Ligand code: NAP
């Protein structure tokens, strides 16, 4: 039996899921290329104060590595990063991982891929899998004078722990999941927090509680409980996702809950400033048990006038007000549509990724592209599923990818890529369904593509998992059955 040579790019959630799936299916010749020095992807990069996952720990984990030791209902960033690194090591992925190895390019040649690393090294693989994530490249806003600020300026995902916050006035730009978590954590820890809000967010209330030692012992002894908790959460998220993709009761219920939550803000003027003019969930819903309490503190100021300019010692807003600051934090999100770029990827017929994605990132069933044979993506275009955990998505996608590799191993084909017709049809169906989703109800968000339509899967995550776990339809693919000799 042939043994394919496989390159996985990225050792975050999806790279780890892919590596484990390969390992379990008996594939031995694979390398996980990771440009950084550790596992974890976005959970390695994001270390800002207050980082907590807004999906419960018992659901935000791999089904093949259920963890009885979660310390709380919603885990903090470091705990999730440690979990991912532990899973990678426990599953033996360290034997396949090259840290400090940045893939800068991949070119399709002779039924395989020439993969180039930053140092100039080139290696041939039969398959390439991009597990590079989408919340990776920081969005540095084009704000006048940002470079003139004398104090530290940090993007939330590049937190500098050398910066001493003691006695400092901190400005936070951005009100997404990150900005709200940061403000909640910094409030009371520094003398002054100024939050610069361009658009208010709806906040879904929650309660975060630690697990007792007794609870951990029970979960350790009875793994079936962990599994039950996973599936209960899954059912809850499936119901929630109905509200995202259909008008109806769930959407109205969530709207009612967030409006009620907003009433906990006592000052009518502050409440007015915090009231969005769009439906709940249109932007990614922020989940927090602390934000409204934090923003009502006397040492926290919410600024809604736009930022006119950054000066050496603060920020001037459009109303002419000068906000003196010592540290500036950019909680301004990510270039979420870059995916594996800036890697230079060239497929069959010299077609580049930039050419293929001239109208925005497109994929067939989220994992493959026409003209890019034997090339797979994990958590690629249309795979973000709003608040659905990427652990589940990555597991389902790696199942499909492994099924192709198993067929390659039997000699059934040399290369596989979806047809243009199948990909166009798939994308047209998604775009046709987009208007019934909440994401098109009148707000700006990172979910939207160039054409103003969401780049997200517009149906339930369960429907996607069913699709991606079924056997692929042969009419949707070009199979090249000519096996070339290895170079
Ligand atoms: P985000 O949701 O994209 O929010 C970026 C914020 O920055 C928005 O408030 C945006 O304002 C503001 N902004 C951007 N450019 C600006 C400018 N030039 N001037 C003023 N404001 C500007 O980014 P994020 O909060 O980092 O979250 C990104 C994603 O990461 C989330 O949607 C979520 O998927 C994930 N995340 C998850 C968790 C979790 O708990 N699981 C935690 C953090 C992040 P506008 O709204 O006006 O554009």
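Residue numbers (my numbering): 73 to 559.
Note that beta-carbon positions come from the ideal geometry of N, C-alpha and C, so glycine has one too.
Keep in mind that this is a model prediction, so the values were computed, not measured.
How about residue i: is its Cβ closer than 8 Å to a heavy atom in the ligand NAP?
i: residue 475; result: no
i: residue 213; result: yes
i: residue 354; result: no
i: residue 255; result: no
i: residue 125; result: yes
i: residue 447; result: no
i: residue 275; result: no
i: residue 627; result: With the chain represented from 73 up to 559, any question about residue 627 goes unanswered, as that position is not in the structure.
i: residue 404; result: yes
i: residue 312; result: no
i: residue 207; result: yes
i: residue 268; result: yes
i: residue 250; result: yes
i: residue 183; result: no
i: residue 305; result: no
i: residue 351; result: no
i: residue 517; result: yes
i: residue 379; result: yes
i: residue 280; result: no
i: residue 359; result: yes
i: residue 271; result: yes
Return the bridge partner residues of residue i from the DSSP annotation.
i: residue 567; result: Coverage of the chain is limited to positions 73 through 559, which leaves residue 567 absent and any answer about it impossible.
i: residue 179; result: 186 and 418
i: residue 144; result: 282
i: residue 552; result: 487
i: residue 356; result: Beta-bridge pairing links residue 356 to no other residue.
i: residue 374; result: 267
i: residue 170; result: 105
i: residue 379; result: 389
i: residue 528; result: 454
i: residue 520; result: 526
Could you have a look at residue i and say whether DSSP puts it in helix, strand or coil?
i: residue 440; result: strand
i: residue 226; result: strand
i: residue 449; result: strand
i: residue 194; result: strand
i: residue 233; result: coil
i: residue 208; result: coil
i: residue 245; result: strand
i: residue 123; result: coil
i: residue 129; result: coil
i: residue 492; result: helix
i: residue 350; result: coil
i: residue 138; result: coil
i: residue 434; result: coil
i: residue 469; result: helix
i: residue 545; result: coil
i: residue 507; result: helix
i: residue 533; result: helix
i: residue 499; result: helix
i: residue 149; result: helix
Evaluate residue i with the Cβ neighbour count: other Cβ atoms within 10 Å of its Cβ, from every protein chain shown; 16 or more gives buried, anything less gives exposed.
i: residue 558; result: In this prediction, residue 558 has a pLDDT of 46, which is less than 50 and means its spatial position is unreliable; nothing more can be read from the coordinates.
i: residue 100; result: exposed
i: residue 172; result: exposed
i: residue 214; result: exposed
i: residue 338; result: exposed
i: residue 299; result: exposed
i: residue 490; result: buried
i: residue 537; result: buried
i: residue 462; result: buried
i: residue 454; result: buried
i: residue 436; result: buried
i: residue 362; result: buried
i: residue 241; result: buried
i: residue 159; result: buried
i: residue 153; result: buried
i: residue 192; result: exposed
i: residue 311; result: exposed
i: residue 355; result: buried
i: residue 149; result: buried
i: residue 198; result: buried
i: residue 442; result: buried
i: residue 574; result: Residue 574 lies beyond the range of the chain shown here (73 to 559); nothing can be said about it.
i: residue 494; result: buried
Measuring from the CB of residue i, is there a heavy atom of the ligand MG at a distance below 8 Å?
i: residue 247; result: Absence of the ligand MG is noted for the structure shown, with the ligand NAP being the only ligands found.
What residue ranges within the segment 392 to 427 form continuous beta strand (DSSP E) runs of no fewer than 3 residues, ordered along the chain?
-> As far as the segment 392 to 427 is concerned, its whole beta strand (DSSP E) runs of at least 3 residues are 394 to 396, 399 to 402 and 416 to 418.
Minimum length 3: unbroken beta strand (DSSP E) runs contained in the segment 260 to 293 = Fully enclosed beta strand (DSSP E) runs of 3 or longer: 264 to 268.
Ranges of the alpha helix (DSSP H) found wholly within the segment 295 to 347, counting only runs of at least 4 | Within the segment 295 to 347, the complete alpha helix (DSSP H) runs of at least 4 residues fall at 295 to 317, 321 to 334 and 340 to 345.
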